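All remarks here apply to the structure that follows.
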Amino acid sequence: MSSIDIRYACEADCTQIAAVNGAAFATGLFLRNAYPQASPAEMIEFRRVHALRQLPDKTTHTLVGVERATGTIVALARWKGAMTRILMNGDYPPAVTLSDQAAALIAKPNSEIALTVCNQGVLDAFAALTKEKHNRYFHEDDIELDLLCTHPLYQGQGIGAAMIKWGTDKADAAKAHIYLQATADAHPLYCRLGWETLDEAVLDYGKYGGEGVNRIYFMRRAPMIYK
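Position one of the sequence shown corresponds to residue 1 (full-length UniProt numbering), numbered consecutively onward.
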């Protein structure tokens with residue numbers, strides 16, 4: 001395993017965050033069907049703006065895994081939900097102030113920065129499915145692991161598990177559950193790390209003019225003290 005340091009993300013990280021996110025999900029069906037005409041450069045910028053928008057949000061906590069030898073960001077995790085309340089009792093991140101340029105960018109209406117060509121049917125179906133499951137299974141006092149990804153060149157080295165441990169340690173100390181939704185590829189990892197599968201769903205992109213089928217798992221982890 002490469003030696004990594006885990007820290008809070010900052011504005012200067014967002015281009016690398018977008019690149020890691022893009023590489024990790026390059027073969028995923030959702031974005032390929034949702035934005036079928038987007039170029040790689042457009043997707044990187046789309047992800048960069050999204051990452052920038054997360055930083056000032058006090059209810060969202062973006063962590064990056066940085067390879068010590070190179071200073072390269074190789075993984076990221078985004079935590080929401082009760083993590084904010086838990087961090088207020090100790091390891092709360094400093095407030096993020098964006099540059100004037102970044103602040104102006106994220107202040108633009110979605111219509112000005114969104115990818116212009118999309119499959120709205122795919123976007124709506126995915127949003128409706130995940131919202132319904134979230135409403136059913138997410139509890140008010142739960143932490144949510146909203147995103148976890150590792151660059152493909154660094155996968156299989158335990159880096160994803162290390163990024164998860166940052167959050168599970170805090171969840172266990174606070175006796176909090178962690179909710180997430182997982183892809184089929186990530187599902188075995190979360191099972192090994194203590195998550196229980198609550199439900200699963202199939203999203204058939206062919207129904208909306210796309211191609212392929214995704215299986216999505218909805219999972220929740222109890223704090224170790226209860227096990």
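C-beta atoms are modelled at their ideal positions from N, C-alpha and C, and glycine is treated no differently.
All of these numbers come straight from a predicted model, not from anything done at the bench.
When the options are compared against residue i, the one with the closest alpha-carbon
i	options	result
residue 250	Ala222, Arg220, Phe218, Glu211	Past the edges of the chain, shown from 1 to 227, lies residue 250, and the structure says nothing about it.
Thr15	Asn119, Gly209, Ala51, Pro188	Ala51
Ala26	Asp185, Ile225, Arg192	Asp185
Thr150	Gly22, Pro40, Ile143	Gly22
Ala222	Val202, Ala18, Leu203, Phe138	Phe138
Leu63	Ser111, Cys191, Asp5, Pro152	Asp5
Met43	Ile113, Arg215, Ser2	Ile113
Ala79	Asp142, Lys207, Phe30, Ile73	Note that residue 79 is Trp in the sequence shown, not Ala. Comparing Cα-Cα distances from Trp79 to each of Asp142, Lys207, Phe30, Ile73, the minimum goes to Asp142.
Ile86	His61, Tyr205, Leu76, Ser3	His61
Met88	Tyr205, Asp169, Asn135, Thr59	Thr59
Asp57	Ala41, Thr84, Val202, Asp124	Thr84
Gln54	Tyr8, Pro40, Phe30	Tyr8
Coarse secondary structure for residue i, derived from DSSP in three states
i	result
Gly28	coil
Leu148	strand
Leu198	strand
Tyr217	strand
Lys227	Because the pLDDT at Lys227 is just 48, under 50, the model does not fix this residue reliably, and the point stays unresolved.
Leu180	strand
residue 230	In the structure as shown, the chain begins at 1 and stops at 227. Residue 230 is therefore absent and cannot be evaluated.
Asp172	helix
Asp142	coil
Asp100	helix
Leu153	helix
Beta-carbon proximity list for residue i, same chain, < 7 Å, skipping 5 on both sides
i	result
Ala102	Glu11, Leu52
Leu148	Ala77, Gly160, Met163, Ile164
Contacts around residue i, its chain only, beta-carbon distance under 6 Å, and the 5 residues preceding and following it disregarded
i	result
Phe218	Lys133, Tyr137, Gln181, Leu198, Asp199
Gly194	Arg221
Tyr190	Ala182, Met219
Gly167	Trp79
Ala75	Gly65, Thr150, Ile159, Met163
Cutoff 9 Å: residue i Cβ touching any chain D Cβ
i	result
Gly194	In the structure shown, chain D cannot be found, because there is only a single protein chain.
The ligand FMN heavy atom lying under 8 Å from the CB of residue i
i	result
Ala125	This structure lacks the ligand FMN, and indeed carries no ligand of any kind.
Considering only residues of the segment 42-91, which uninterrupted alpha helix (DSSP H) runs meet the minimum length of 4 residues and lie entirely inside it, listed in chain order?
83-87
Touch check for the segment 119-126 and the segment 59-75: three-plus C-beta pairs under 8 Å?
no
Would you be able to state if there are at least three C-beta pairs under 8 Å between the segment 41-57 and the segment 128-141?
no
Three CB pairs or more closer than 8 Å across the segment 94-112 and the segment 25-43:
no
For the pair the segment 150-157 and the segment 165-181, tell me if three or more CB-CB distances fall below 8 Å.
no
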